[in-house]
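Participant: Those sequence lines, one after another, are chains A and B. Residue 72 in UniProt numbering sits at position 72 of the first sequence, and the numbers go up by one each step. Residue 46 in UniProt numbering sits at position 46 of the second sequence, and the numbers go up by one each step.
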Amino acid sequence: MFSVKTVALSSTQSFSDDIPATHRKHQAELDAMDLDEDEFGAGPSKRNIVTPGEVITSSKEYMRGHGTYVEEVNVVSSVTGTIERVNKLISVKPVRSKYVPEVGDLVIGRIVEVGPQRWRVDANGRQDAVLMLSSVNLPGGVQRRKIESDALKMREFLAEGDLLVAEVQAFFGDGAMSLHTRSLKYGKLRNGQLLSVPPQLIRRLKSHFHHIPPPCGPTGVDVILGLNGYVWVSNGTSQEKREGGEGFDSEGVYSDKNDDIPPEGRQAISTITNLIKLLAQEGIPLTDTLIEDSFNWVNQNQLPPGPLAPNETERMLAEVVGVDITA
Amino acid sequence: MSSSRIEILNDGGLRHDARRPYELRSTSFQLNTHPTAEGSSTVTQGLTTVQVSIFGPREPRQRSQASHDKAIISVEVGVVPWAQGGGGVKRVRGDKRLQEIGASIRQTFEPVIMTHLYPRSEITINVQVLSADGGILPTSINATTLALISSGISILDYTTSISIGLYLKQPLLDLSHVEEQDLPNLVIASLPNSGKITLAQMETRLHVDRFEEMLSLGVEACQVLKTEMEDVVKSQTEKIVERMGVRSVVSSGMAVDE
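#1: Write down every uninterrupted run of the alpha helix (DSSP H) in the segment 277-311 of chain A whose length is 4 residues or greater and which is fully enclosed by it, in chain order.
#2: Can the beta-carbon of H208(A) be found closer than 8 Å to that of G236(A)?
#3: Indicate whether I125(B) and T144(B) have their beta-carbon atoms separated by less than 8 Å.
#4: Counting along the chain, where does the beta strand (DSSP E) carrying D122(A) start and finish?
#5: Hey, how far is the Cα of E220(B) from the Cα of L168(B)?
#6: Quick one: what's got a C-beta closer than 8 Å to residue 329(A)'s C-beta in the same chain, skipping five residues either side?
#7: Please list the partners that E230(B) has in chain A, where partner means a Cβ-to-Cβ separation under 8 Å.
#8: Alpha carbons only, please: which of P263(A), V130(A), R118(A), V121(A) is nearest the one belonging to N191(A)?
#9: Check S216(B) in the structure and name its three-state DSSP category.
#10: Run through chain A and tell me which residues come within less than 9 Å of S150(B), C-beta to C-beta.
#11: Could you check the C-alpha separation between residue 328(A) and G161(A) for me, to the nearest Å?
#12: For the candidate residues R155(A), K206(A), L179(A), E167(A), whose alpha-carbon lies nearest to that of E113(A)?
#13: Is the distance from the Cβ of I83(A) to the Cβ of Y62(A) below 8 Å?
#14: Does the beta carbon of residue 264(B) come closer than 8 Å to any beta carbon on chain A?
#15: Can you tell me which of the three DSSP states P199(A) falls into?
#16: Let's see if you can read the secondary structure: which residues bound the alpha helix (DSSP H) around P138(B)?
#17: Give, in chain order, every unbroken run of the alpha helix (DSSP H) that is at least 4 residues long and sits entirely within the segment 57-136 of chain B.
#18: Quick check: the Cα distance between V321(A) and L303(A), rounded to an integer number of angstroms?
#19: Give the C-beta separation of D159(A) and Q127(A) to the nearest angstrom, bearing in mind that I take them to be a contact with Cβ-Cβ under 8 Å.
#20: For K239(B), does the count of other Cβ atoms within 10 angstroms reach 16, so buried, or fall short, so exposed?
#21: Looking at the C-beta of E282(A), does it have a partner C-beta in chain B at a distance below 8 Å?
#22: Is D157(B) close to chain A, meaning its C-beta is less than 8 Å from at least one C-beta of that chain?
#23: Use the C-beta contact count for E167(A): other C-beta atoms within 10 angstroms, 16 or more gives buried, fewer gives exposed.
#24: What whole-angstrom Cβ distance do V165(A) and W232(A) have, given they're in contact under 8 Å?
#25: Using a C-beta to C-beta distance shorter than 9 Å, which residues of chain B count as neighbours of D162(A)?
#26: Which of the three DSSP states is assigned to Y254(A) in this structure?
#27: Between V103(A) and T68(A), what straight-line distance do the alpha-carbon atoms span, to the nearest angstrom?
#28: Using the three-state DSSP reduction, which class does I90(A) fall into: helix, strand or coil?
#29: Could you give the DSSP three-state label for E84(A): helix, strand or coil?
#30: List the residues of chain A that H68(B) touches, going by C-beta distances under 9 Å, in chain order.
#31: Please name the residue or residues paired with residue 259(B) in a DSSP beta bridge.
#32: Do the segment 201-217 of chain B and the segment 44-52 of chain B meet, that is, are 3 or more Cβ pairs less than 8 Å apart?
#33: Rounded to whole angstroms, what's the CA-CA distance from G226(A) to P52(A)? Just pull it up for me.
#34: Can you tell me whether DSSP reads E160(A) as helix, strand or coil?
#35: With a CB to CB cut of under 6 Å and the five nearest residues on each side skipped, what residues in its chain are close to L225(B)?
#36: How far does the beta strand (DSSP E) with Q181(B) in it extend, from its first residue to its last?
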């Protein structure tokens, strides 16, 4: 026997991450052995991609998960995507789909309706999300029961069309999300612009609030990557100001007025927006480091403001991301 | 028997566009052709091009329509003004004929989409005919299948569709506009894996002895189309999956550089 060395992670090996570490083998060894995951699809590249109607395995041995259904004795895929197996549970993860919320997700939404004791929020989900009056922080920051006068003032806090960042608190019986903004990190958004990307490109991370420091604009740029595919790019502020430290304006959390943003700041916001759009267009998962790296690349190359020219896009993707879009 | 000047099938056994009776028109399948839709596709079969975009599942625009246990499906069909060249009759949105096509598409897909997974929501299928040369309905159904697949909505199987005509005793597959006008024709949509038929539509009379032959021929043609579609979907999906893995490769590469 030869000793097994750990191999650098590569995209062609992602399936082997799903198996316990004790089963992890060198690629050559994997190829030589008839492991049980090989029974799903053939060959390493097409290994675990299925399309609707494709029989995955027998329903007698495996349980069906999301993205599959049982017909006669077979587990059949109902979406296009990659097979994921957890013990005896087979599910198919679609490569593109509507946002599927989970409790604790950070989302960005837009108020579509002000109702009795609640707001209806478009959060890019299957149904409108609900934000209850009891799950928001009122200006001033004091915790108290919401009274009738607060209900009458609801439109002063959040009116139709306002954007907010919130967290998924729970689900209703029909699967609609209930949101909350009971943290100083959450609340109404201003001083920036919204863009929408496919939700698959945003992964669940420890933090979805990112700050790109100067030279990206005089005060840097803040990026909020909402898991529902909405991304908020705004003028940078210091962490204390954002999260209730020194200089936090507790009365101004529901303000409708933008701060004064200098032209350089606006430039930086739109540069970052353009870069995110560009990465999303190529289907590259977004991370703070990737956005920062691509900004630094633009900065180093002294490119003129505005969208990147096609040849520069190509160069940027090749040098920063390592993707050749011409291929 | 026919009033048009073209010869449906010549002595050499070729049709007016030099196809053999069972030959399909050239096809092209493209995925994700609409920038903001959840899923979209453009399908070309011969000179007919249809773009379908799927919106949803999303909050129903009229909340009263919503069903508490399943998604509702709404279909809109439009034909661009230049689609039919000089010959065709101008059709506008809301035209009876287009409404009927929309209803057929909805009926075809209602049993195929797993609507119970999306309660209280609406799936909008927007069909846009970009150029028309016969077979609008089958092409639209094929395009809708691909758009649904690209949107990640759960469906039972691919649904492919084809038109079958009959000239004397000879069935012809995939009719063009002129053939469609002269021949009795049948449109079928089937689920190729199980061989089930979700749509069979015929507006003209036909001898019953010929029907079975046409139907089985159509099902076979649907299987061929499905194979073509699957190739496109798989290669596209592979590309997306590859891109999704890009970051992990990059971040480990970065660590080495620094």
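Note that CB positions come from ideal geometry on N, CA and C, so glycine has one too.
Facilitator: Once the coordinates are examined:
#1: 288-300
#2: no
#3: yes
#4: 118-122
#5: 21 Å
#6: Here chain A comprises residues numbered 1 to 327, so residue 329(A) is not present and cannot be evaluated.
#7: T51
#8: P263(A)
#9: helix
#10: T80, V95, R96
#11: Lying before the first or after the last residue shown, residue 328(A) is absent from chain A, which here runs from 1 to 327.
#12: R155(A)
#13: no
#14: Outside the displayed span of chain B (1 to 258) sits residue 264(B), for which this structure offers no information.
#15: helix
#16: 136-151
#17: 96-109
#18: 18 Å
#19: The question names Asp, but residue 159(A) is Ala in the sequence shown. So it is not a contact: roughly 21 Å between Cβ atoms.
#20: exposed
#21: yes
#22: yes
#23: buried
#24: 7 Å
#25: Under the 9 Å cutoff, chain B gives no residues; its nearest Cβ is about 18 Å from D162(A).
#26: helix
#27: 23 Å
#28: strand
#29: strand
#30: D174
#31: There is no way to answer for residue 259(B), as the model of chain B reaches only from 1 to 258.
#32: no
#33: 29 Å
#34: coil
#35: T160
#36: That residue, Q181(B), is in no beta strand (DSSP E); its alpha helix (DSSP H) goes 177-182.
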